[in-house]
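Residue numbers (UniProt numbering): 1 to 746.
To start, the structure under review is shown below, and the notes come after it.
Take a look at the structure:
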């Protein structure tokens, strides 16, 4: 189903646009305003019949969003050509009057109906009635007016706040959140720091003035704000920059921290960004950094912890440039890309203020101390500190966060550490870079990301919210597609690559809308997963190879024969599937040819694996000892295969006994006299269940009594996941699984 933005762009994409000549695409600009303004959407619904009054309303709306006169003319000429042709001169004159008239902001803001006697407030300031004079007269308390314009709550700590609008001493209008104690006390320092023209002699008047105004807060608008970015109200609201997002759409807010608004904003032109930057997205290292930006926003939804994506490469690998490209998707990369040469407290505060979004620290090589902050970043909990108040020492509140951190450097963060330490588990270290780029091209890219950014944030969050209910299930399905790692620590890294993949799939969905060439997020993340986890040099080769091969068996169990009637020299199983080996009650016999082919497909060395398995006592030789080859028997006949007992697999891969279960149902008829053991919970049976459950969640229309399990299965096998499952499990097993799922949901 198309989003509101997509529908509006389809309906209102009529204004001619030339990317070489026009600085902005008015079609996109109008749609952005329409999303926020129902009044404008209504106005455009009868555009061909606009009259002069409608055009005045159009100009007044667009003026609020900083459109200029010639842009309004172009809109009118496109959507109401008859009116434009007949009354062009009168229209131009009236629109110019509206667009060139200064905003009477002070009249709107300070014209309030509350009874503040003996005070009054206007564009002239705050005044108090002077009762000492014979005629009614007012004395000025402050020439800088201030009013309470709304009440609100800080969603991070439920603190009650007042939203104050004021004009400072240099004539600028501002709106800020303040604590009740800031205006309802005799201390005027905080008000003076806002830029108000007040002195201590008038503090008692101001206190009385605000007390009278506070009586009317129940009739004032009620807003909310936040000190930190991220998800609020059980992931119902996402706040970032000057905006909040929810199922009800996007709305403007005033953040407590103004810098947050400056970081996550838009500037420039989306088409220019696409033209210059899109070719850089062809590089996988750029793409996975972009995936990190989105993954950070879904960690809380899928209940995944913080982690670090660290790119290390030579100084010519465009590390900083590709990081800024990724950051420019959602905001100002110059502000979002921070130096790693920061203090401990500075890095912690950055993580606290920017939870549920990506962090970026550049050139860790320049700050060896950054390594000491890694644990704190990925742990996601602020350090215990004390505060002194009224001569009492108190413990400061502990704050938590979730982030994906992108870091860069010329060396790994873990080069001097053990891979078994807790924080190192959450670091994905990628040795990769972009080929050398021409200096002129680099300058062009740098200038583009400085001048054009933030155009994909709305779309990304819109997709996340649209699919929020199924993201956790989708995450589990993706995680099961990755090969099982061989140590508990490395296995946890699979969770982070699954999060990156899901973030990537969301981003690819967005990029396709703007005709940016699609790439397979899973394949990109799988490539880096194999290189950083499966092929992790800190894990002995024989373990990595065994882990990969056993995972291969678990995911392809139908290619391993269980029947005691099969000829061991047959090339297919009893069901006609190309054979990869045989399973007995005690272990697995891997076919030599199939094993060699698989290890080669994942860049593993077959001969080295066999040699190291032999050295470590993993292989079981034929008992008669007539040959040194690792041959074994199946049904009393010799087969060219390598036999590894389950007991040895579980011991080497540290698979716990509680994770070993008796296989049920699916193999019962084929192997009634053989006890087949599972190796872990992440086996093929569980994968099928999760994938089928994920499909039902995505297609709730199929989960009702009117649709049979066979009908659901037929729809399922049309999908990519369904085709894969159909090959490995067969249609009937898929039907059985959907039948069980539907029964449980009754």
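No residue lacks a Cβ here, since even glycine has one placed at the ideal position from N, Cα and C.
Since the model is a prediction, treat every value here as computed from it, not as a measurement.
{"Item": "Around the Cβ of residue 263, are there at least 16 other Cβ atoms within 10 angstroms (buried) or fewer (exposed)?", "Value": "buried"}
{"Item": "Here's the rule I'm using: 16 or more other beta-carbon atoms within 10 Å means buried, otherwise exposed. How should residue 375 be labelled?", "Value": "exposed"}
{"Item": "Using a Cβ-Cβ cutoff of less than 6 Å, which residues in the same chain neighbour residue 79 once the five nearest sequence positions on both sides are dropped?", "Value": "47"}
{"Item": "So, at 8 Å on beta carbons, what are the nonlocal neighbours of residue 98 in its own chain, with the 5 sequence-adjacent residues on each side left out?", "Value": "56, 59, 60 and 63"}
{"Item": "With distances taken Cα to Cα, identify the nearest neighbour of residue 201 among 402, 178, 92 and 189.", "Value": "189"}
{"Item": "Which one of 241, 323 and 236 has the shortest CA to CA distance from residue 258?", "Value": "241"}
{"Item": "Quick one: give me the first and last residue of the alpha helix (DSSP H) that residue 308 is part of.", "Value": "Not the alpha helix (DSSP H): residue 308 falls in the beta strand (DSSP E), residues 307-312."}
{"Item": "Leaving out five residues on either side along the sequence, give the residues of the same chain with a beta carbon under 6 Å from the beta carbon of residue 616.", "Value": "542"}
{"Item": "Sorted by chain position, which residues of the same chain lie with C-beta nearer than 7 Å to residue 365's C-beta, five sequence neighbours on each side aside?", "Value": "409, 410 and 411"}
{"Item": "Cα-Cα, which of 550, 473 and 612 is closest to residue 582?", "Value": "550"}
{"Item": "Which class does residue 411 belong to by DSSP, given the choice of helix, strand or coil?", "Value": "coil"}
{"Item": "Just how far apart, CA to CA, sit residue 270 and residue 229?", "Value": "24 Å"}
{"Item": "With a Cβ-Cβ cutoff of 7 Å, do residue 256 and residue 281 count as a contact?", "Value": "no"}
{"Item": "According to DSSP, simplified to helix, strand and coil, what is residue 703?", "Value": "coil"}
{"Item": "Could you work out which residue in 715, 545 and 361 is closest to residue 341 when comparing CA atoms only?", "Value": "361"}
{"Item": "Express the C-alpha separation of residue 346 and residue 274 in angstroms, rounding to a whole number.", "Value": "34 Å"}
{"Item": "Along the chain, which unbroken stretches of the beta strand (DSSP E) at least 3 residues long are found entirely within the region 87-166?", "Value": "119-122, 125-129, 138-142 and 146-154"}
{"Item": "If I follow the unbroken beta strand (DSSP E) through residue 590, where does it start and stop?", "Value": "587-591"}
{"Item": "At the level of alpha carbons, what is the spacing between residue 406 and residue 356?", "Value": "14 Å"}
{"Item": "Can you round the beta-carbon distance between residue 84 and residue 76 to whole angstroms, since I take them to be within the 8 Å contact cut?", "Value": "5 Å"}
{"Item": "DSSP puts residue 511 in a beta bridge; with which residues?", "Value": "For residue 511, which the question treats as bridged, DSSP gives no partner whatsoever."}
{"Item": "Return the residue from the list 730, 513, 238 and 703 that minimises the CA-CA distance to residue 556.", "Value": "730"}
{"Item": "Out of 546, 702, 516 and 431, point me to the one whose CA is closest to residue 532's CA.", "Value": "431"}
{"Item": "What's the gap between the Cα of residue 554 and the Cα of residue 324?", "Value": "41 Å"}
{"Item": "Judging by CA-CA distance, which residue of 348, 295 and 44 is the nearest neighbour of residue 457?", "Value": "295"}
{"Item": "Where residue 186 and residue 179 are concerned, what is the direct C-alpha to C-alpha distance, given to the nearest angstrom?", "Value": "14 Å"}
{"Item": "Since residue 92 contacts residue 152 with CB under 8 Å, what's their CB separation in whole angstroms?", "Value": "Actually they do not touch by this definition, with Cβ atoms about 42 Å apart."}
{"Item": "In this structure, does DSSP put residue 450 in helix, strand or coil?", "Value": "helix"}
{"Item": "With a threshold of 7 Å on Cβ separation, who are the neighbours of residue 138 within its own chain once the five nearest residues in sequence on each side are excluded?", "Value": "120, 127, 128, 129 and 130"}
{"Item": "In angstroms with no decimal places, state the Cα-to-Cα distance between residue 473 and residue 503.", "Value": "14 Å"}
{"Item": "What three-state label does DSSP hand residue 60 in the structure shown?", "Value": "helix"}
{"Item": "Cα-Cα, which of 87, 530 and 68 is closest to residue 51?", "Value": "87"}
{"Item": "Based on Cα-Cα distance, which residue from 720, 265 and 4 lies nearest to residue 330?", "Value": "265"}
{"Item": "Could you give the distance in angstroms between the alpha-carbon of residue 18 and the alpha-carbon of residue 335?", "Value": "31 Å"}
{"Item": "Can you name, in chain order, every residue of its own chain whose Cβ lies under 8 Å from the Cβ of residue 299, other than the five neighbours on each side?", "Value": "305, 306, 356, 402, 403, 404 and 499"}
{"Item": "Taking the alpha-carbon positions, what's the residue 764 to residue 373 distance?", "Value": "Only positions 1 to 746 of the chain appear in this structure, which leaves residue 764 out of reach."}
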